[in-house]
Amino acid sequence: MRVIKRNGAEVEFDIVKIIAAVTKANDVVDEEARMTPVQIQRIAE
Numbered sequence: 075m076r077v078i079k080r081n082g083a084e085v086e087f088d089i090v091k092i093i094a095a096v097t098k099a100n101d102v103v104d105e106e107a108r109m110t111p112v113q114i115q116r117i118a119e
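Right, here's the structure in full:
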């Protein structure tokens with residue numbers, strides 16, 4: 075699958091990058107609102 079980035083570039087979907095980005099965002103929310111690693115994996119898939 076290919077995706078279009080914000081700058082307009084078309085690139086291959088990279089699940090590792092998606093997981094890393096969601097995990098990084100998840101780390102800064104209040105602990106009681108955080109997702110589990112399984113939830114993050116499901117979002118990326």
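Numbering of the sequence shown is given in the working numbering, commencing with residue 75 and proceeding in unit increments. Note that beta-carbon positions come from the ideal geometry of N, C-alpha and C, so glycine has one too.
Contact set for residue i: own chain, Cβ-Cβ below 8 Å, skip 5 residues either direction
| i | result |
| --- | --- |
| Lys79 | Val85 |
| Asn100 | Arg108, Met109 and Ile114 |
| Ala118 | Ile89, Ile92, Ile93 and Val96 |
| Met75 | Glu86 and Phe87 |
Sequence-distant residues of the same chain with beta carbon closer than 7 Å to residue i, five excluded per side
| i | result |
| --- | --- |
| Val77 | Val85 and Phe87 |
Helix, strand or coil at residue i according to DSSP, with G and I counted as helix
| i | result |
| --- | --- |
| Val77 | strand |
| Glu86 | strand |
Own chain residues within Cβ distance below 6 Å of residue i, not counting five before or after
| i | result |
| --- | --- |
| Lys98 | none |
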